[in-house]
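Participant:
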Amino acid sequence: MSALTGGVLRPTHGEVGIISAVLMTVVGGYVDAFLYLRHQVFGFAQTGNVVFLAVGLVKGDEWAKFAWPLLAYLAGLVAAQVLRTLVPTLPARALGSVLVLQLVVFTVLACLPSTAPAALFVIPLSFVGGVRLELFRTAGGISFVSIATTGNLMRFVAAAADLARGRSSAQVRAAVATAIVVLAFLIGALCGAGVAQTIGPALWGAVLLEAFGLAVFVAQVRTRPAA
């Protein structure tokens, strides 16, 4: 993680705090539940889009709307790799700037009318998903994925198995942290689905969550002692 020392942010190497990871994962579930209910496509979890694309091609149904988010997602991965090349240490200032830009994207999309074309929502969010996956990988010493849940489930089972074999404090912490991250995605999806079904401008919920996550990230950076 990073810290401010003499007004200079130390490198983070892409790690965030557990609370930040949980909030980012809540946003991941929220956004995909919203997009699926509104536009029958995913923005972050591209596995579903690959399946829908294949089914559409085989059945002769619409398939292009699943291809565009995949391309945008790949573009996000490439953009994140470029950033890693330019700034290998990923200082907190760089990660914070990325979080601010993502918040701006969410805010702009939340301002669009619900009648706006699906592509205006899906393509930018898929790009953001690629960036999030590539740049934000670890939290408090554990690996996590903020845009999907299958990898987190695997890590939870592995952490639980390690805990059953060893039962050290570090293993307890890893098992609890991964369990919370798994639940965070489910909670986010439940919130996104509920808001999308009952309230029109559902993306404002993601804006609020992302803003809170950014505030937590900044607070953790400023209070963490120097390494």
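As numbered in the numbering used here, residues 11 to 237 make up the sequence shown, in order. Every residue gets a Cβ at the ideal spot worked out from N, C-alpha and C, and that includes glycine.
#1: Taking just the CA atoms, how far does residue 129 sit from residue 184?
#2: Leaving out five residues on either side along the sequence, give the residues of the same chain with a beta carbon under 6 Å from the beta carbon of residue 136.
#3: If you draw a straight line from the C-alpha of residue 19 to the C-alpha of residue 101, how long is it?
#4: Which residue's Cα is closest to the Cα of residue 218: 204, 113, 133 and 186?
#5: Do residue 166 and residue 194 have their beta-carbon atoms positioned less than 7 Å apart in this structure?
#6: Are the beta-carbon atoms belonging to residue 38 and residue 156 less than 7 Å from one another?
#7: Can you tell me whether residue 152 is helix, strand or coil according to DSSP?
#8: With distances taken Cα to Cα, identify the nearest neighbour of residue 109 among 72, 139 and 124.
#9: When the Cα atoms are used, what is the spatial distance from residue 172 to residue 181?
#10: What residues in its chain sit with their C-beta under 8 Å from that of residue 97, if we drop five residues either side in the sequence?
#11: So the candidates are 175, 116 and 45; which of them puts its Cα closest to the Cα of residue 203?
#12: Would residue 32 and residue 198 be called neighbours here (beta carbons separated by less than 7 Å)?
#13: Kindly provide the ranges of any alpha helix (DSSP H) runs that are 4 or more residues long and lie completely inside the region 115-168, ordered along the chain.
#14: My guess is that residue 89 and residue 141 are in contact by the Cβ rule of under 8 Å, so how many angstroms apart are they, rounded?
#15: In chain order, what residues of the same chain lie with their CB nearer than 6 Å to the CB of residue 14, ignoring the 5 residues before and after it?
#16: Could you give the uninterrupted runs of the alpha helix (DSSP H) lying entirely in the region 47-112, keeping only those of 4 residues or more?
#17: Do you know offhand how far residue 144's Cα is from residue 69's?
#18: Can you tell me whether residue 134 is buried or exposed? The criterion is at least 16 other CB atoms within 10 Å of its CB, across all chains shown.
#19: Which two residues bound the contiguous alpha helix (DSSP H) that contains residue 179?
Facilitator: Reading off the structure:
#1: Rounded to whole angstroms, the separation of the alpha carbons of residue 129 and residue 184 is 38 Å.
#2: 53, 79, 82 and 83
#3: For residue 19, the predicted model reports a pLDDT of 36, less than 50, meaning its position is unreliable and no value from the coordinates is stated.
#4: 113
#5: no
#6: yes
#7: DSSP, read as helix, strand or coil, puts residue 152 in strand.
#8: 139
#9: 7 Å
#10: So the qualifying residues of the chain are 104.
#11: 45
#12: no
#13: 128-145
#14: Their Cβ separation, rounded to whole angstroms, is 6 Å, which keeps residue 89 and residue 141 in contact under 8 Å.
#15: Caution applies to residue 14, whose pLDDT of 37 falls short of 50 and renders its modelled position unreliable; the model cannot decide the point.
#16: 56-69 and 74-96
#17: 33 Å
#18: buried
#19: According to the DSSP assignment, residue 179 belongs to the alpha helix (DSSP H) that extends over 179-208.
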